[in-house]
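Enquirer: Let me begin by handing over the structure; questions about it come next.
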Ligand SMILES: Cc1cc2nc3c(=O)[nH]c(=O)nc-3n(C[C@H](O)[C@H](O)[C@H](O)COP(=O)(O)OP(=O)(O)OC[C@H]3O[C@@H](n4cnc5c(N)ncnc54)[C@H](O)[C@@H]3O)c2cc1C
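Residue numbers (the working numbering): 258 to 403.
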């Protein structure tokens, strides 16, 4: 299979990169070892308020907003900061990842799940990836060196 870009990893970073690249008109394939998006998402789900506005992140998975941060030291002392406006949103991380996957798909990115990428290499003719389940080659991701 020949694509412009292979993104390895369908976490938030890979999915958002795939969304941006596909929106720019590139042919993008995202490969991930997990069978379903978000199934192994380990995260408290707290995302800074400004990230939603700056990156246009999907907000369907938002459960709550927080205006307070409380830091607790190992000795048990606490430091609290309160703001008049929300500082962060708390999301359901699995659903957040799925929403990002839907954004990437709607921009034209292809998702290949259940594919563990064992090796990748860059050659003059393009980049090549092989996955554990079925070896596949992705070519021409990026310019060839002169
Ligand atoms: C306990 C905990 C709590 C956290 N709480 C927060 C929080 O509240 N707020 C916050 O912003 N961040 C939090 N984080 C951090 C946040 O989860 C990560 O920063 C974020 O998930 C990183 O996204 P990513 O897309 O870079 O990588 P990941 O989410 O780790 O995604 C990487 C993906 O790549 C896939 N992959 C890796 N290697 C291969 C391979 N060879 N072949 C195929 N697929 C592969 C994996 O299956 C995975 O799906 C927390 C992290 C932990 C551990």
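Glycine included, C-beta positions come from ideal geometry on N, C-alpha and C. Predicted, not measured: the structure shown is a model, and the values here were computed from it.
I'd like to know whether the C-beta atoms of residue 338 and residue 326 end up nearer to each other than 8 angstroms.
Expert: As a first step, residue 338 is located in the chain shown; it is residue number 81 there, counting from the start. As a first step, residue 326 is located in the chain shown; it is residue number 69 there, counting from the start. Yes. Within cutoff.
Enquirer: Note down, in chain order, each residue of its chain lying with its Cβ closer than 8 angstroms to the Cβ of residue 401, except the 5 sequence neighbours on either side.
Expert: Locating residue 401 in the chain shown gives position 144, where the first residue counts as 1. Low local confidence applies: a pLDDT of 32 at residue 401 is under 50, so the model's placement there is unreliable, with the coordinate-based value given in what follows. The answer, listed in chain order, is 381, 382 and 383.
Enquirer: Leaving out the 5 sequence neighbours to the left and right, which residues in its chain are closer than 8 angstroms to residue 220 when beta-carbon positions are compared?
Expert: Since the first and last residues shown for the chain are 258 and 403, residue 220 lies out of range.
Enquirer: Measuring alpha carbon to alpha carbon, tell me which residue in 290, 320 and 365 is nearest residue 387.
Expert: Residue 387 sits at position 130 when you count from the first residue of the chain shown. For the residues 290, 320 and 365, the minimum Cα distance to residue 387 belongs to 290.
Enquirer: Classify residue 353: buried if its beta carbon has 16 or more other beta carbons within 10 angstroms, exposed otherwise.
Expert: Position 96 of the chain shown, counting from 1, holds the residue named residue 353. By the neighbour-count rule (16 or more Cβ atoms within 10 Å), residue 353 is buried.
Enquirer: Compare the beta carbon distance of residue 344 and residue 324 with 8 angstroms and say whether it is the shorter of the two.
Expert: In the chain shown, the residue the question calls residue 344 occupies position 87. In the chain shown, the residue the question calls residue 324 occupies position 67. Contact flag set, yes.
Enquirer: Could you tell me the distance, in whole angstroms, from the CA atom of residue 316 to the CA atom of residue 373?
Expert: Residue numbering aside, residue 316 sits at position 59 when the chain shown is read from its first letter. Residue numbering aside, residue 373 sits at position 116 when the chain shown is read from its first letter. Looking at the two C-alpha atoms, the distance is approximately 29 angstroms.
Enquirer: Where residue 395 and residue 307 are concerned, what is the direct C-alpha to C-alpha distance, given to the nearest angstrom?
Expert: Taking the chain shown and counting its residues from 1, one reaches residue 395 at position 138. Taking the chain shown and counting its residues from 1, one reaches residue 307 at position 50. Because residue 395 carries a pLDDT of 49, less than 50, the predicted location of this residue cannot be relied on, and the following value inherits that uncertainty. Their backbone Cα atoms lie some 35 angstroms apart in a straight line.
Enquirer: For residue 313 and residue 357, I'd like the C-alpha separation in whole angstroms.
Expert: Here residue 313 corresponds to residue number 56 of the chain shown, with the count starting at 1. Here residue 357 corresponds to residue number 100 of the chain shown, with the count starting at 1. Roughly 11 angstroms separates the two Cα atoms.
Enquirer: Kindly indicate which three-state DSSP category residue 407 falls into: helix, strand or coil?
Expert: Residue 407 lies beyond the stretch modelled for the chain, which goes from 258 to 403, so this question has no answer here.
Enquirer: Along the chain, which unbroken stretches of the alpha helix (DSSP H) at least 4 residues long are found entirely within the region 290–374?
Expert: 306–312 and 350–363
Enquirer: How would you label residue 287, buried or exposed, when you count the other beta carbons within 10 angstroms and need 16 or more for buried?
Expert: Working through the chain shown from its first residue, we reach residue 287 at position 30. Answer is buried; the Cβ neighbour count reaches 16.
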